[in-house]
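Accompanying notes for the structure given below.
There are 2 protein chains.
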Amino acid sequence: MKMLPVLLFFLLVTLVATTQATNGAISHQIHLLRPQTGSGGRHVPGISCLSWRLGVETHNIVGWTTVPAVCEGYVGHYMLGNQYRQDSRAVTNEALLYAKSLNLTKDGKNMWVFDIDETTLSNLPYYSHHGFGVEVYNSTSFDAWVLEGTAPALPESLKLYNKLLALGIKVAFITGRGISQRSVTEINLKYVGYHTWEKLVLKNSSYSGNTSAVYKSSERKELEKSGYRIIGNIGDQWSDLLGTNVGDRTFKLPDPMYYIS
Amino acid sequence: MKMLPVLLFFLLVTLVATTQATNGAISHQIHLLRPQTGSGGRHVPGISCLSWRLGVETHNIVGWTTVPAVCEGYVGHYMLGNQYRQDSRAVTNEALLYAKSLNLTKDGKNMWVFDIDETTLSNLPYYSHHGFGVEVYNSTSFDAWVLEGTAPALPESLKLYNKLLALGIKVAFITGRGISQRSVTEINLKYVGYHTWEKLVLKNSSYSGNTSAVYKSSERKELEKSGYRIIGNIGDQWSDLLGTNVGDRTFKLPDPMYYIS
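Protein sequence lines, in the order shown, are assigned to chains P and H.
Position 133 (the first sequence) corresponds to 133 in our numbering; numbering is contiguous.
For our numbering, add 1000 to where a residue sits in the second sequence, where the first one is 1.
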């Protein structure tokens, strides 16, 4: 025990030295004030995983295949820690505030579109055993996981779903899952608390070769042709939210694990 | 000096206790693995400033007037620290990679649109003395700052600007600054290294009452009518990048200090 304070002191000295080294990586040309300790976030030599994730979430970094290997730990900790959940909650809170602010026509035609994977259901149990997106996507093992039908709900999305239903808004799921996965998807959705929906749209083989953005735009257009008004649209991929017929407002949930165009 | 190790020990105990309290704030319903220490990021009771910032950057949180008071320290440290600069660099690196990947027609009609404030020039010296966005926007004091003509360049943007010019791409600045600020803006731009441009578009009084998105869309349309191809568009506000004629690809720089619709 006598050594503990001494160890702590050396720990602090090391931390200060590390912080200074990190601060030195970029000179502070645009402001002369010194940054306060702790402002910098985690720095990974050569690449800032925080910056990479922000770039992904803001649609600056597109078309990527795998998470940078150096960011596996960072993404894993993010996904399993509080921040992913808090970030998700900030989005769904905002979505609910928006929905509540609307003066909705009570004709049963107001619709909210949900994506499924990493929006309605979480595949984190799968990805936690596959490098959190560092490994190249393997459709065989991923499909095997989907067929288990045990994906948990993303808790924040389930809460939003229930509150939207209570406001009299209809829900449509539009997913990149293929039509052969309809049954297991229905079972999985109901098992974790999504008990009802107006439409569950799965990707028909006629869309093969098209991007998700094209497929989803086309299916949203069909919904609008049927007389629905898409008042909101939530997904973890920008391809859920870009294109045509995107809805009156869109909400981007975090997902630093994979990219779908 | 004898008290230092003891103080450090209590500091550590406090840190550990805080971390545990933070981890307890959201239960880990979607995955049973325990998050590793350090994954959570900074937690502010009642609101996560990290989540707020991500929500702003991803265009989930819109129409806000001021930075939440509780996030003043967080935003200030972010802006003055390495992370803002690293996040900016991740965006401009991506923009440059994109520009270099293009097979450009050499007819002098390829154009890149830059916003000015918090994109080309940084008003951080001003905002560092006005609560980093916590204070309500004061046009009198901000205009006085602009008229000094001493805003530094955002270093990452200046680097991008120079490299785009070297690729033979023309630059247009489209800014929310009014036409009465043309002269000081030109002087300021040149003073910090932006020596040349094809167009510098300032906001004409005919746009008063219109959003920035409407004004900028209209001015980009004019550029395209003149025969320019907008191959890229960079700004710190989503209103720089949404609307019509947005360009072949858009890049969103970070700005957690203010929101312009």
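Even glycine gets a Cβ: it sits at the ideal position worked out from N, Cα and C.
1. Using a 10 Å radius around the Cβ and a threshold of 16 neighbouring Cβ atoms, would you call H:Leu1164 buried or exposed?
2. With a threshold of 6 angstroms on Cβ separation, who are the neighbours of H:Tyr1258 within its own chain once the five nearest residues in sequence on each side are excluded?
3. Over what stretch of residues does the beta strand (DSSP E) that includes H:Gly1149 continue unbroken?
4. Taking H:Thr1058 as the query, report the chain P residues whose CB atoms sit under 7 angstroms from its CB, ordered along the chain.
5. With a threshold of 7 angstroms on Cβ separation, who are the neighbours of H:Gly1193 within its own chain once the five nearest residues in sequence on each side are excluded?
6. Whose C-alpha, out of P:Tyr78, P:Asn188, P:Ser88 and P:Trp52, is nearest the C-alpha of P:Thr66?
7. Could you work out which residue in P:Ser208, P:Leu202, P:Asp236 and P:Gly209 is closest to P:Phe220 when comparing CA atoms only?
8. Is there a Cβ from chain H that is less than 8 angstroms from the Cβ of P:Ile230?
9. With contact counted as at least three CB pairs below 8 angstroms, one residue from each stretch, are the stretch 134-144 of chain P and the stretch 182-201 of chain P in contact?
10. Counting Cβ pairs, one atom from each stretch, are 3 or more of them under 8 angstroms apart for the stretch 1138-1152 of chain H and the stretch 1110-1124 of chain H?
11. Could you give the residue range of the alpha helix (DSSP H) that holds H:Gly1055?
12. Can the beta-carbon of H:Asn1204 be found closer than 8 angstroms to that of H:Glu1224?
13. Buried or exposed for H:His1129, please, with buried defined as at least 16 other CB atoms from any protein chain shown within 10 angstroms of its CB.
14. With DSSP collapsed to three states, give me the class of P:Val67.
15. Under a three-way DSSP split, which group does P:Asn93 fall into?
16. Could you tell me if P:Gly235 is buried or exposed, where buried requires 16 or more neighbouring beta carbons within 10 angstroms of its beta carbon?
17. Does any CB atom of chain H fall closer than 8 angstroms to the CB of P:Ala90?
18. Got a sec: does the ligand ADP put a non-hydrogen atom nearer than 7 angstroms to the Cβ of P:His130?
19. Examine chain P for any beta-carbon lying closer than 8 angstroms to the beta-carbon of H:Gln1237, and answer yes or no.
20. H:Leu1032 to P:Leu124, Cα distance in whole Å?
21. Strictly by DSSP, which residues pair up with P:Met257?
22. Tell me which same chain residues have a C-beta within less than 7 angstroms of the C-beta of P:Ile187, skipping the five on either side of it?
23. Measure how close the beta-carbons of H:Val1113 and H:Gly1227 come, nearest whole angstrom, since I'm counting them as under 8 angstroms.
24. I'd like to know if P:Leu242 contacts chain H, where contact means its C-beta is closer than 8 angstroms to some C-beta of that chain.
25. Closer than 7 angstroms by C-beta to H:Asn1210: which residues in its own chain qualify, once you throw out the five before and the five after it? Chain order, please.
26. In chain order, what residues of the same chain have a beta carbon less than 8 angstroms from the beta carbon of H:Tyr1215, not counting five sequence neighbours either side?
27. Anything in chain P within Cβ reach of H:Ile1061, meaning under 9 angstroms, just list it in chain order.
28. Output the distance between the C-alpha atoms of H:Leu1167 and H:Arg1182, rounded to the nearest integer angstrom.
29. From the DSSP output, in three-state form, read off P:Trp238 for me.
30. Just to confirm the assignment, what range does the beta strand (DSSP E) spanning P:Pro106 have?
31. Could you pull the start and end residues of the alpha helix (DSSP H) that H:Thr1185 belongs to?
32. Using a Cβ cut-off of 8 angstroms (strictly closer), state whether H:Leu1050 contacts chain P.
33. Please list, in chain order, all residues of the same chain as H:Leu1104 whose beta carbon is under 8 angstroms from its beta carbon, the five residues on each side excluded.
34. Could you please give me the residues that DSSP links to P:Phe173 through a beta bridge?
The answer reads as follows:
1. buried
2. Gly1133
3. Counting along the chain, H:Gly1149 falls outside any beta strand (DSSP E), and DSSP gives it neither H nor E.
4. Glu57, Thr58 and Lys252
5. Ala1153 and Leu1158
6. P:Trp52
7. Going by the sequence as given, residue 220 of chain P is Arg instead of Phe. Considering only alpha carbons, the answer is P:Leu202.
8. no
9. no
10. yes
11. Cys1049 to Glu1057
12. no
13. exposed
14. coil
15. helix
16. buried
17. yes
18. Although the ligand ADP was asked about, the structure shown includes no ligands whatsoever.
19. no
20. For H:Leu1032, the predicted model reports a pLDDT of 46, less than 50, meaning its position is unreliable; a value from the coordinates is still stated below. Rounded to the nearest angstrom, the two C-alpha atoms are 10 angstroms apart.
21. None, per the DSSP bridge assignment.
22. Gly149
23. At roughly 15 angstroms, the Cβ-Cβ gap does not stay under 8 angstroms, so H:Val1113 and H:Gly1227 are not in contact.
24. no
25. none
26. Gly1176, Lys1203 and Tyr1207
27. Ala90, Val91 and Glu94
28. 27 angstroms
29. helix
30. Per the sequence shown, residue 106 of chain P should be read as Lys rather than Pro. Segment: none, P:Lys106 is in no beta strand (DSSP E) and carries neither H nor E.
31. Arg1182 to Val1192
32. yes
33. Asn1110, Leu1167, Gly1168, Ile1169 and Ile1231
34. P:Phe114 and P:Leu200
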